[in-house]
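A short write-up of the structure that comes next.
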Amino acid sequence: MKKTLIETDNLNTISDCLQQLVNAEEAQLSIEEQLARSNSGSEWSTWRKKAENALRLIKGKRRIITARLAVLRHEEKERNLELHQQHNDFLVQALREIVTPSSFARCVRLAKEKMEEIHANQC
8 MKKTLIETDN
18 LNTISDCLQQ
28 LVNAEEAQLS
38 IEEQLARSNS
48 GSEWSTWRKK
58 AENALRLIKG
68 KRRIITARLA
78 VLRHEEKERN
88 LELHQQHNDF
98 LVQALREIVT
108 PSSFARCVRL
118 AKEKMEEIHA
128 NQC
């Protein structure tokens, strides 16, 4: 059995988290498989306790990684929302400069009607 290092101190990106989740999953499956195949004699009891402790440790690290992954995904979602909002703000600013005020007002009215229609259908 090869020893797999599961790093939880430097989970700075979603990719870091996903890679460590893969490592944890592989290690957990390996330990569970070995535990299932192990003998129940007294000579195995020390090994079995160590394997069970390792399994508990891996499961704890998976929870840490999963929690960090959730935070990173939430931060990414927030950044994406900010970028989309900034894009929309620039788009509106450019439209105000290019189209006539009456055309812009018409676009605003149509967009508002569309939003009201969508929200009315959701309720």
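In the numbering used here, the protein residues as written are 8 to 130.
Every residue, glycine too, gets a C-beta built ideally from N, C-alpha and C.
Do I72 and Q27 count as a contact pair if the criterion is CB distance below 8 angstroms? Looking up residue 27 in the sequence shown gives position 20. Looking up residue 72 in the sequence shown gives position 65. In this structure, Q27 sits near I72, with a CB-CB distance shorter than 8 angstroms.
Starting from S47 and walking both ways along the alpha helix (DSSP H), at which residues does that stretch end? For this step, residue 47 is matched to residue 40 along the sequence shown. Here S47 belongs to no alpha helix (DSSP H), and DSSP marks it neither H nor E.
Would a check of beta-carbon distances place A118 closer than 8 angstroms to chain B? Reference to chain B is not applicable here, since this structure consists of a single protein chain.
Backbone CA spacing between L79 and N17 [nearest angstrom]: Indexing the sequence shown from 1 puts residue 79 at position 72. Indexing the sequence shown from 1 puts residue 17 at position 10. Computed Cα separation, rounded: 13 angstroms.
In chain order, what residues of the same chain have a beta carbon less than 7 angstroms from the beta carbon of N30, not counting five sequence neighbours either side? Numbered from its first residue, the sequence shown carries residue 30 at position 23. Excluding positions up to five away in sequence, the list reads T11 and I13.
Count the other CB atoms, across all protein chains shown, that sit within 10 Å of the CB of K56; report buried if there are 16 or more and exposed otherwise. Position 49 of the sequence shown, counted from the first residue, corresponds to residue 56. Exposed, since its Cβ has fewer than 16 Cβ neighbours within 10 Å.
Residues in its own chain within less than 8 angstroms of L62 by CB, not counting five upstream and five downstream? Locating residue 62 in the sequence shown gives position 55, counting from the first residue. Q35, I38, E39 and L42.
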